[in-house]
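For reference, the structure is listed below as structure tokens.
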Amino acid sequence: MRIPEPDNQSNLSSSYDFVPEAGPSCVTLDKASHSNGINKENGYSAPVSNGTTSNGSLTMGNGLAKHSSSITRVSLPGTTLYDDPYLDREEFVRLVIQSLRDVGYIESAATLEAESGYSLEAPEVSEFRQHILRGAWADAELLLVELGVTDTDALVDARFLIGKQKYLELLEARKTTAALQVLRNDLAPYSTTSDQEELHVLSSLMMCSDPQDLRRRASWDGASGISRRQLLDDLQHYIPSSTMIPQRRFSTLLTQSREYQRHRCLYHNSLVDPSSSSLFSDHTCDKESFPRITTTILEVHSDEVWNVAWSHDGTHLASASKDKTAIIWRIGLEAEPSSRDCIAEFILRDHPYPLGCLAWSLDDSILSTSADHLILLWNTKTGALMKTLENHAETVSALVWLPDGSGFMSGSLDRKIILWDMEGELRESWNDIAIRVTDAAVTPDVRRLVAVGMGYNPPPALGTLGRANVRDASPPIVSNGNGSAVGPRSPENRMIIYDLKTGQVELSVHMEGELTSVKISEDSRYALINHAPDEIHLWDLEEFRLARKFTGQRQGHHVIRSCFGGIDGNFVISGSEDRNVYVWHRDTGTLLEVLGGHGLGSVNSVAWNPRNKRMFASCSDDNTIRVWEAPVSAGELLRGFGISASEPEMFGKGKGKVKQPWAYHDGGF
Amino acid sequence: MGMKYRRYLAGERIYGCSKCKTHLATIHSMISRAFNGQHGRAYLFDGVVNVIEGEPNDRQMTTGNHTVRDIFCVKCATVLGWKYDRAYEQSQQYKEGKYILERNLLVDVQ
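Chains as they are written, first to last, in the numbering used here: chain A, 1 to 669; chain B, 1001 to 1110.
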């Protein structure tokens, strides 16, 4: 829209305040006669002499007159921006005016107001804003009603907020008597019963010896800080948004759209780079940077591999197998898979039974493995066995190191969860819990422990005595009360959420099928549970409800595990009984990939590399472990050999029979 | 094939492997106590868990010719008894598909 050519007297006035958010432009419009000097603040340095019409420093490129008569009002039909009825032109224009003002383009904002006839806000609103920012509390309070805060409750709340700020500022300035006045006259009468506690806290602040202490105690950053702005934001809640538009509204909307694009990007697995994201095009990640190709096959185990776990620094991988050994692999850090060294560093052989699970300590110095009911602690630097723990009576199915470094936790089918310290000494034992634990996980914020397992039915003959030991989670058992012989019932599968500190049960949920795996997301919000047959459940731990189900994979007989993966835990991957690895987009449940390659049998477990977000490992009944990566890193090399990415050639490598899918060249190709 | 946890039973009386206490059967699935095995008394059960079955063999027993498989504990692999595949006498056919567990190799588990 072209600005009409201004008159010769294009004197720009700079007499209004240069606080970008304040100062209604309608004020300047009324001051029609300005002919002051043209040195504007904010560094618009080009001098504008009389008679010139263009001012090069203005982004608009044209000089502007402040006379309302020189900008013609453009009147348009209808009220919508485009044809779409959802976009109201007035709202849009006012948002643009606000944004222009925020940035500092006051002239453009004024012109826009003149041309469109819409003004950002009524003068009372800007006055109100000014009052709050300057601390003119009484004036601000008076304006509240005019701004549309008519509901008595809202009025009371708003007055309370203003009164509180006034009080705190007076205290900060050491004007205690005045502060006391405020407390008595303004705060006390206006507080509701729920505010009583706050009132007490505020009165106790009188005792503060110096402003520093006051600020700390009230978590308030002082009159000169952002607290006044914060107050404005808080008061925003009470004022209708069309009267006073929330601060930086456009920016909020654009952030929402960025979030939406990010949410829609199914293969999103890259760090958000501000320089690469643009408002002009939607953000999408393509499949090429998603790990879909096997780059390494580790084949040393002589029997089924049941579990894998990455060390926290992403350089080592530990695997647990039916052949009664665990192997610690070193996965080299080179980006090029072919030049990488994957060596079986240690083979841990002292297990009398097949291994079920394993876990690295936080600093990766200890690896804990479980073989039936035994727990073994290994030194990962030397491969030596440190300790064997025999406290459990049945298979240990879960080993988790606590994120706060206080030790680790073991869960077992003997209905015990035991907390150990870093040396392997028993700290605490939760006996006779309601389930035989088949897996357990601890939230990264160390608040909760989520355990899944098979319900336990106490022998009916013992009656109430049998139930006395059981933690309060199991429901009243229906038909055992009368002591008659009840046939073996299939166990009732449950998920139980415990508060880690107290051991109290927060939630106990009955589930229909066998539960074989539980993992928790990085933000401690979601739990991922494998649920036979053929389902994976995502549970929301804050709202205590099922958030999503993932389907497609097969599970019915075996213990299959899954995990979160990718940046922000954007993906869910799982093993399956049909030889494939399944990948879903976590937030939408879309099945993204079905990755084949493993041999006959189930893919038992998967683990995402915690450091390299483009790599994960899977292990299977075919005795191998596969490392998967993005085609981008592997593709160049594979294409150079004319080998298709999906059918890697096998070449022996010599060291520990680790097979790499292409010829081992040192140097160029 | 794949990882599986051992089964756990529920009931008034649970019999388990004497060596490793693995659950095997409950009294609810017991059919008869009037059997004899190589180690003395033996019980006939309808359903038994946590056992691996061996190869079928023909054996002459006091009651006639039968095809049986030895059964082993999944955890400690001790022979616990056998399973009847086929009975060649008409009167013995009720045993087909059922399991014999030797009393001496069992222990009460609770």
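From the three backbone atoms N, C-alpha and C, an ideal C-beta is built for every residue, glycine too. Computed from a prediction, not measured in an experiment: that's the story for all the values here.
Which listed residue (the options) has its alpha carbon closest to that of residue i
| i | options | result |
| --- | --- | --- |
| Glu622 (chain A) | A:Asn604, A:Trp430, A:Ser562, A:Leu355 | Note on residue identity: the sequence assigns Asp, not Glu, to residue 622 (chain A). Out of A:Asn604, A:Trp430, A:Ser562, A:Leu355, A:Asn604 has the C-alpha closest to the C-alpha of Asp622 (chain A). |
| Leu155 (chain A) | A:Ala218, A:Ile239, A:Gln98, A:Arg525 | A:Ile239 |
| His1023 (chain B) | B:Lys1095, B:Gly1040, B:Leu1080 | B:Leu1080 |
| Lys501 (chain A) | A:Trp539, A:Met409, A:Phe544, A:Leu546 | A:Met409 |
| Leu81 (chain A) | A:Arg554, A:Leu133, A:Val559, A:Val96 | A:Val96 |
| Asp157 (chain A) | A:Ser574, A:Ala136, A:Ser209, A:Leu231 | A:Leu231 |
| Thr315 (chain A) | A:Arg134, A:Thr590, A:Ala617 | A:Ala617 |
| Tyr1088 (chain B) | B:Ala1025, B:Arg1059, B:Glu1102, B:Asn1065 | B:Asn1065 |
| Glu115 (chain A) | A:Glu90, A:Arg427, A:Arg579 | A:Glu90 |
| Thr72 (chain A) | A:Ala110, A:Tyr105, A:Tyr86, A:Leu87 | A:Ala110 |
| Tyr498 (chain A) | A:Met511, A:Pro354, A:Asn570, A:Ile417 | A:Ile417 |
| Leu355 (chain A) | A:Ser521, A:Leu399, A:Leu362, A:Trp306 | A:Trp306 |
| Leu161 (chain A) | A:Glu198, A:Thr516, A:Glu127, A:Arg134 | A:Glu198 |
| Glu425 (chain A) | A:Val400, A:Leu389, A:Ala441, A:Asp432 | A:Leu389 |
| Glu535 (chain A) | A:Leu187, A:Gly455, A:Val518 | A:Val518 |
Distance, residue j Cα to residue i Cα
| i | j | result |
| --- | --- | --- |
| Asp341 (chain A) | Met615 (chain A) | 15 Å |
| Gly503 (chain A) | Trp608 (chain A) | 30 Å |
| Leu449 (chain A) | Pro123 (chain A) | 56 Å |
| Ile435 (chain A) | Ser276 (chain A) | 50 Å |
| Arg258 (chain A) | Thr243 (chain A) | 27 Å |
| Ser150 (chain A) | Asp234 (chain A) | It is Thr, not Ser, that sits at residue 150 (chain A) in the sequence shown. About 17 Å. |
| Tyr1005 (chain B) | Cys265 (chain A) | 39 Å |
| Ile375 (chain A) | Gln165 (chain A) | 59 Å |
| Cys285 (chain A) | Asn269 (chain A) | 7 Å |
| His143 (chain A) | His131 (chain A) | Reading the sequence as shown, one finds Leu at residue 143 (chain A) and not His. If I take the Cα positions, the gap works out to 9 Å. |
| Phe92 (chain A) | Ser75 (chain A) | 15 Å |
| Ile331 (chain A) | Leu1105 (chain B) | 48 Å |
| Asp523 (chain A) | Gln181 (chain A) | 46 Å |
| Gln98 (chain A) | Trp137 (chain A) | 24 Å |
| Ser368 (chain A) | Val437 (chain A) | 18 Å |
| Leu298 (chain A) | Glu423 (chain A) | 31 Å |
| His531 (chain A) | Phe571 (chain A) | 18 Å |
| Arg415 (chain A) | Asp1070 (chain B) | 32 Å |
| Val627 (chain A) | Thr296 (chain A) | 5 Å |
| Gly642 (chain A) | Leu333 (chain A) | Low per-residue confidence applies at Gly642 (chain A): pLDDT is 37, beneath 50, and the placement is therefore not dependable enough to give any value. |
| Glu336 (chain A) | Ala630 (chain A) | 11 Å |
| Trp360 (chain A) | Ser370 (chain A) | 12 Å |
| Gly513 (chain A) | Tyr353 (chain A) | 27 Å |
| Lys381 (chain A) | His373 (chain A) | 25 Å |
Proximal residues of chain B, C-beta to C-beta of residue i below 8 Å
| i | result |
| --- | --- |
| Leu413 (chain A) | Tyr1005, Arg1006, Tyr1008 |
| Arg436 (chain A) | Tyr1008 |
| Thr395 (chain A) | Tyr1005, Arg1006 |
Same chain only: Cβ atoms within 6 Å of residue i, ignoring 5 sequence neighbours per side
| i | result |
| --- | --- |
| Thr1078 (chain B) | Lys1019 |
| Asp282 (chain A) | Gln261 |
| Asp350 (chain A) | Leu385 |
| His1051 (chain B) | Looking at the sequence shown, residue 1051 (chain B) is not His but Val. So the qualifying residues of the chain are Ile1071. |
Residue i, enclosing beta strand (DSSP E) - first and last residue
| i | result |
| --- | --- |
| Glu1102 (chain B) | 1099-1102 |
| His1023 (chain B) | 1023-1026 |
| His531 (chain A) | 526-531 |
| Tyr1015 (chain B) | 1014-1017 |
Under 7 Å by beta carbon: chain B residues contacting residue i
| i | result |
| --- | --- |
| Met511 (chain A) | Here the premise fails: no neighbours, minimum Cβ distance about 16 Å. |
| Met454 (chain A) | Tyr1008 |
Residue i: first and last residue of the uninterrupted alpha helix (DSSP H) it sits in
| i | result |
| --- | --- |
| Arg264 (chain A) | 249-264 |
| Leu711 (chain A) | No answer is possible for residue 711 (chain A): it lies beyond the span of chain A, which begins at 1 and ends at 669. |
| Val396 (chain A) | First-last for Val396 (chain A): 396-401, but that is the beta strand (DSSP E), not the alpha helix (DSSP H). |
| His200 (chain A) | 196-204 |
| Gly163 (chain A) | 152-172 |
| Phe92 (chain A) | 89-103 |
| Thr1067 (chain B) | Thr1067 (chain B) -> not in any alpha helix (DSSP H); beta strand (DSSP E) instead, spanning 1064-1073. |
| Ala140 (chain A) | 137-146 |
Partners in chain A for residue i, counting only beta-carbon separations shorter than 7 Å
| i | result |
| --- | --- |
| Met1030 (chain B) | In chain order: nothing, as chain A lies at least about 11 Å away. |
8 Å Cβ shell around residue i - same chain, five flanking residues per side excluded
| i | result |
| --- | --- |
| Glu172 (chain A) | Pro211, Leu214, Arg215, Gly222, Ala223 |
| Lys1098 (chain B) | Ile1031, Leu1044, Phe1045, Asp1046, Lys1083, Tyr1084 |
| Leu600 (chain A) | Arg579, Asp621, Asp622 |
| Thr1026 (chain B) | Leu1009, Ala1010, Gly1011, Glu1012, Arg1013, Ile1014, Tyr1015 |
Closer than 9 Å at the beta carbon, the chain A residues around residue i
| i | result |
| --- | --- |
| Gly1002 (chain B) | Glu304, Trp306, His557, His558, Val559, Ile560, Glu577, Gly601, Ser602, Asn604, Asp621 |
Listed by chain order, chain B residues near residue i by CB distance under 9 Å
| i | result |
| --- | --- |
| Gly356 (chain A) | Met1003, Tyr1005 |
Neighbourhood of residue i by C-beta distance below 7 Å, restricted to the same chain and skipping five residues each side
| i | result |
| --- | --- |
| Arg94 (chain A) | Tyr118, Leu120, Ile245 |
| Asp540 (chain A) | Arg525, Tyr526, Ala547 |
| Val446 (chain A) | Leu402, Pro403, Asp404, Leu500 |
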